[in-house]
DNA sequence: GAGTGGTCTAGACCACTCA
DNA sequence: GAGTGGTCTAGACCACTCA
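Chains as they are written, first to last, in my numbering: chain B, 1 to 245; chain E, 1001 to 1245.
Below you can see the structure in the form of structure tokens.
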């Protein structure tokens, strides 16, 4: 394994991050083949002119991503199985764009409404207080793929219909300086009502994939409550899970 | 914040782990309230007689779990939103047991079969080679909840029907010394066929929640390929996601 | 017994936040 | 300017794995 690794001490990028990026690239490009040993941490540190903790920090970040496996007494190996993309809090918009599908959005509703009991509970607001309600139809290849209904607390974000048609809700939140932290999700299935079927060009009673999500920012505010319906012929939730040790 | 923290240096449990467990317990019990500041790392280290890296390691593990948020220049805070259980690779059996539902299992099929093209591809074996096939019906409160069809490579595990009826597949794997590492999952929905409907006491065409999963151990072997059907009135996938920074 | 990662120390300098 | 976490060093001793 004659891997070319080098760090640039004049760069503002942290040394451990430079190293982890190079290792990740080498794994992605196949220079580091699955199962190959990385060389021990002390030797790696010496070769790069880094301290061992810095090398460990780089390796740890790739272990956390599932790309490397450490075994005491044995060494650090590139994982065999193809790890693609770990599960992350993604928006349907990003998912579709990443799949090269050029998503389109039709905004059906963008207004203030009094919060229902369910919405009020999810957002932590009094029932009946004003909340934003956004209903969107997401299309791919000109076909409806999902119906997205979201509620947001007031004052968090300016929601312009033209922006909502041009990009995804999470991108708008990030652009507004909101740091997303976590989300609680529930994925289920049920039969389409007549109205839902019409929106999604399905027939009444057809199976639909459902997702409810409450999203929190890093200050603990609830920033969004979503209730989504997907056409199962057009969309499935795909993700990679890591077993935490 | 007069939190009682103490480490036992005679214990074989790592110091950082003792600390992170105490912090986690304090968060869980409400001693450390959401939003409260932890006190800076150097002061914490001095108070506990630990070095700062050790304290950081403890804090980092709780940041990774989503319980703490660090902000440079500000401090480390307990997260506001209620983080329950992060998404992990769980078995339906464990899920049900954790929910206090005392799951029951009926093994419908437990045999060796030649691998179909799909199964062979998932397990990385030649088509037509012998694989274990297990079909199970999972019940809760005496009602069928899911139909589970799994394929496993030969020689990995002894699959006794009585064990499969007493516990979950993942537990059997772990007990056999298999270290699970990651899984690729796909969650979707579709209409029940007549045969599926009968097994699950649904009607033909009823919406079902589907999950396909390929699971890898830490040596990169594929240890399981599962194709599961859930009754959406009885089960949904619930989980918490963390946004990776 | 040789080699590995796991844990731990006691510092240092820095970038960032906020009053 | 005071206080915070982010990064980094140069070590140390240990438990575990494997031949």
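We put the CB at the ideal spot given by N, CA and C, even for glycine.
Can you tell which of 109(B), 92(B), 112(B) has the C-alpha that lies nearest to the C-alpha of residue 103(B)? 92(B)
Excluding sequence positions up to five away, which residues of its chain have a Cβ less than 7 angstroms from the Cβ of residue 1203(E)? 1197
Return the first residue and the last residue of the beta strand (DSSP E) that residue 183(B) is part of. Element bounds for residue 183(B): 180 to 191.
Find the nearest neighbour of residue 145(B) within the set 135(B), 99(B), 219(B), 230(B), judged by alpha-carbon distance. Among 135(B), 99(B), 219(B), 230(B), the Cα nearest to that of residue 145(B) belongs to 230(B).
So, does the CB of residue 91(B) fall closer than 9 angstroms to a CB anywhere in chain E? no
Rounded to a whole number of angstroms, what is the C-alpha to C-alpha distance between residue 138(B) and residue 191(B)? Between residue 138(B) and residue 191(B), the alpha-carbon positions lie close to 19 angstroms from each other.
When you compare the CB positions of residue 181(B) and residue 210(B), do they come within less than 9 angstroms of one another, or not? no
Indicate whether residue 113(B) and residue 173(B) have their beta-carbon atoms separated by less than 9 angstroms. no
Could you check if residue 1193(E) is buried or exposed, using at least 16 other CB atoms within 10 Å of its CB as the buried criterion? By the neighbour-count rule (16 or more Cβ atoms within 10 Å), residue 1193(E) is not buried but exposed.
So if DSSP puts residue 1238(E) in a beta bridge, which residue, or which two residues, is it bridged to? 186(B)
Those residues which DSSP pairs with residue 140(B) across a bridge: 143(B)
Using a threshold of 8 angstroms, is the CB atom of residue 1181(E) nearer than that to any non-hydrogen atom of the ligand FAD? Among the components of this structure there are no ligands whatsoever, and the ligand FAD is therefore not found.
Helix, strand or coil for residue 1(B) per DSSP? Any reading at residue 1(B) must be qualified, since the residue scores a pLDDT of 45, below 50, and its modelled position is unreliable; no value is offered.
Pick from 1159(E), 1074(E), 1023(E) that is closest to residue 1066(E), judged by C-alpha positions: 1023(E)
Just to make sure I have the definition right: I need the residues of chain B whose C-beta is within less than 9 angstroms of the C-beta of residue 1247(E). Which are they? Residue numbering for chain E in the displayed model covers 1001 to 1245; residue 1247(E) lies beyond these limits and cannot be assessed.
What does residue 66(B) reach in chain E if we use C-beta pairs closer than 9 angstroms? 1181, 1182
Neighbouring residues, chain E, relative to residue 35(B) (Cβ below 7 angstroms): Result: 1220.
Please confirm if residue 42(B) has its CB atom under 9 angstroms from at least one CB of chain E. no
Which value, in whole angstroms, describes the spacing of the CA atoms of residue 1001(E) and residue 1070(E)? No answer about residue 1001(E) holds up, because its pLDDT of 45 lies below 50 and its placement is not dependable.
Could you tell me whether any Cβ in chain B is nearer than 9 angstroms to the Cβ of residue 1020(E)? no
Hey, residue 1136(E) and residue 1111(E) are a contact pair by Cβ (cut 8 angstroms); roughly how many whole angstroms apart? The pair is not a contact, with the Cβ atoms about 13 angstroms apart (cut-off 8 angstroms).
For residue 115(B), collect the residues of the same chain with a Cβ closer than 8 angstroms to its Cβ; drop the 5 residues on either side in sequence, then sort them by chain order. 123, 125, 126, 127, 128, 129, 130, 131, 151
Looking at residue 1236(E) and residue 188(B), is the spacing between their C-beta atoms short of 9 angstroms? yes
Buried versus exposed call for residue 80(B) [16 or more other C-beta atoms within 10 Å across all chains shown]: buried
Is there a Cβ from chain B that is less than 9 angstroms from the Cβ of residue 1187(E)? yes
Quick one, which of 1167(E), 1009(E), 1064(E) has its alpha-carbon nearest residue 1049(E)'s? The shortest C-alpha separation from residue 1049(E) is found at 1009(E).
Residue 68(B) and residue 77(B) - do their beta-carbons sit closer together than 9 angstroms? yes
Can you give, in chain order, each stretch of the alpha helix (DSSP H) that sits fully within the region 35 to 123 of chain B and has at least 4 residues? Within the region 35 to 123 of chain B, the runs of alpha helix (DSSP H) at least 4 residues long that lie entirely inside it are, in chain order, 41 to 48, 52 to 64, 92 to 98, 117 to 123.
Quick one: what does DSSP say residue 1233(E) is sitting in, helix, strand or coil? coil
Minimum Cβ-Cβ distance from residue 1197(E) to chain B less than 9 angstroms: no
Check the Cβ-Cβ distances between residue 1224(E) and every residue of chain B, and say whether any is below 9 angstroms. no
Establish whether the CB of residue 1053(E) and some CB of chain B are separated by less than 9 angstroms. True, the Cβ-Cβ gap to chain B drops below 9 angstroms.
Which residue from 1219(E), 1098(E), 1195(E), 1242(E) puts its Cα closest to that of residue 217(B)? 1242(E)
Please determine, among 1018(E), 1051(E), 1097(E), 1042(E), the residue with the shortest C-alpha to C-alpha distance to residue 1062(E). Selection 1018(E), 1051(E), 1097(E), 1042(E) evaluated against residue 1062(E) yields 1018(E) as nearest (Cα-Cα).
Less than 6 angstroms between C-beta atoms, sequence neighbours within five positions excluded: which residues of the same chain meet that for residue 107(B)? 136, 161, 164, 165
I'd like to confirm the pairing. Which residues does DSSP put opposite residue 1211(E) in its beta bridges? Under DSSP, residue 1211(E) takes part in a beta bridge, and its partners are 1187(E), 1228(E).
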